[in-house]
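Residue numbering for the sequence shown follows my numbering, starting at 158 and increasing by one per position.
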Amino acid sequence: MSDVPPSHPRYASLKTREKVVEGVEKGITGLNGLIAQGRGEALDYLIGERTTASGAEAERAAAAMLLLAERPVLSVNGNAAALVPEEMVLLARKIDAPLEVNIFYRTEGRVKKIADLLRSLGTGKVFGENPNAVIPGLDHARAKAARGGIYDADVVFVPLEDGDRCEALVNMGKKVITVDLNPLSRTARTSTVTIVDNVVRALPNLIALVEEMADLDESELNSVLAGYDNRAVLRRSVEEIVSHLSGRFSALED
Ligand code: PTJ
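The following block contains the structure:
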C-alpha cells in the first residue's frame, strides 16, 4: 500500500484502487480490470460513494434469493478476487454455496491463481479450473462452465459481469444477481436482481443481510421477493444519481 494517510478525503477510494493494482501485480486481475475499476470509480462518485436506498433494496432481494436458492453458485472474476476475496468466501459459507472462477479474459494461469487464493482463504470446493460444460450462445472461452457449478445452478451471483454472459445465463433459465455500478449497462438491465453499489460495500451488506434473514421461513423470504421489481429499482437508482448531482451542483452555486 502507498503511504496515503487514512485522513485523506479519498482514502477509501484510493485503497480500493490499490487493491486492484495489487491484483494485477499478483496475476489475479487482468489489465482490463484496471479500466473497469476506473469506470467503477467514476460511477461510484456519481451515486455518492454510498449504498443508496435502491441499492439496499436490491441487496435485500438478493439475500432472499440466495437463501431460497436450491443450487446457488457464486462466480468470481479477477476484480472480485482483488477486492472482496474474503467476503466471497464468507458469503459462500453462509449460504452453503460453491464458488466458481469464471473470467471474461480467460487464461488458465489466472484461473488457477484465483482458485488458489480462494482455497487459501478456507473455501472447500472451487469450480472453474476444469470446465466440463458450455453455456449456450457464447464464444468458446467465455462459454466454459462447470457441471455442479454455474452450469447446474438455479441462482448465480456474478459481480461485475458482462452483458452477453448475463443474458446467456438468463436464457438458460437461471436467476442472475449482479453487482454493477452502472444502472444502464446491459448486465444491469438483463439481470434478475441488479445491485447498483460498489462491490466493496455490497458484499459486507449481503453478508449482514443473509445473517439477519437466516431465520426467515420460505414464505417470509418469498414475500421479500414478491414486491421486488428490478426495472423500477434501476429507474430509482438513476433518479438517485440525478438528485445527488443536483445537490452537488446547488452546493457549487451557494
Ligand atoms: O477477470 P475478468 O477477465 O473476468 O475481467 C473482469 C472485468 C471486470 C475486467 C470484465 O468483466 C470487464 O471488462 O467488465 P466490464 O465490461 O468493464 O464491466 C464491468 C462493470 O462493472 C462496469 O459497468 C463497471 O462500471 C462496473 N464496476 C467496476 N468496478 C466496480 C463495478 N461495479 C461494482 N463495484 C466495483 N468496484
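Note that beta-carbon positions come from the ideal geometry of N, C-alpha and C, so glycine has one too.
Keep in mind that this is a model prediction, so the values were computed, not measured.
From 374, 316, 163 and 359, pick the residue whose C-alpha is nearest to that of residue 190; which is it? Of the candidates 374, 316, 163 and 359, the one whose C-alpha sits nearest the C-alpha of residue 190 is 316.
Using alpha carbons as the reference points, say which of 237, 210 and 335 lies closest to residue 180. With distances taken between Cα atoms, residue 180 lies closest to 237.
Among 177, 209, 211 and 208, which has the Cα closest to the Cα of residue 196? Comparing Cα positions, the closest option is 177.
Reduced DSSP secondary structure (H/G/I, E/B, other) of residue 364: In the structure shown, residue 364 sits in a helix (DSSP, three-state: H, G or I).
Close beta carbons around residue 356, own chain, < 7 Å, minus the five adjacent residues each side: Its chain contains 237, 240, 241, 316, 317 and 336 as the residues whose beta carbon lies nearer than 7 Å to that of residue 356, once the 5 sequence neighbours on both sides are disregarded; these appear in chain order.
Would you decide whether residue 291 is buried or exposed? Buried here means 16 or more other CB atoms lie within 10 Å of its CB. Burial call: exposed.
By how many angstroms is the C-alpha of residue 283 removed from the C-alpha of residue 371? Between residue 371 and residue 283, the C-alpha separation is close to 24 Å.
Close beta carbons around residue 320, own chain, < 7 Å, minus the five adjacent residues each side: Cβ neighbours of residue 320 beyond the five flanking positions: 342, 343, 344 and 347.
Residue from 254, 408 and 394 whose Cα sits closest to the Cα of residue 206: Minimum Cα distance to residue 206 is reached at 394.
Run through the DSSP bridge pairs and tell me what residue 335 is partnered with. Assignment of beta-bridge partners to residue 335 by DSSP yields 315 and 351.
Among all the DSSP beta bridges, which residues are the ones paired with residue 421? Because the chain here runs from 158 to 411, residue 421 falls outside it and cannot be looked at.
Residue range of the beta strand (DSSP E) that includes residue 229: Residues 229-233.
The ligand PTJ and residue 198: does any heavy atom of the ligand fall closer than 8 Å to the residue's C-beta? In this structure, residue 198 has its CB closer than 8 Å to one or more heavy atoms of the ligand PTJ.
Got a sec? Which residues, its chain only, sit under 6 Å from residue 300 by beta carbon, not counting five neighbours each side? Only residues of its own chain outside the window of five on either side were considered, and among them 291 and 292 have a CB closer than 6 Å to the CB of residue 300, listed in chain order.
Does the Cβ of residue 364 lie closer than 8 Å to at least one heavy atom of the ligand PTJ? Set against 8 Å, the gap from the CB of residue 364 to the closest heavy atom of the ligand PTJ is not smaller.
Give the secondary structure of residue 199 by DSSP, where H, G and I count as helix, E and B as strand, and everything else as coil. Helix, per DSSP.
Relative to the alpha-carbon of residue 172, which residue among 228, 198, 244 and 410 has its alpha-carbon at the smallest distance? That would be 198, whose Cα lies nearest to the Cα of residue 172.
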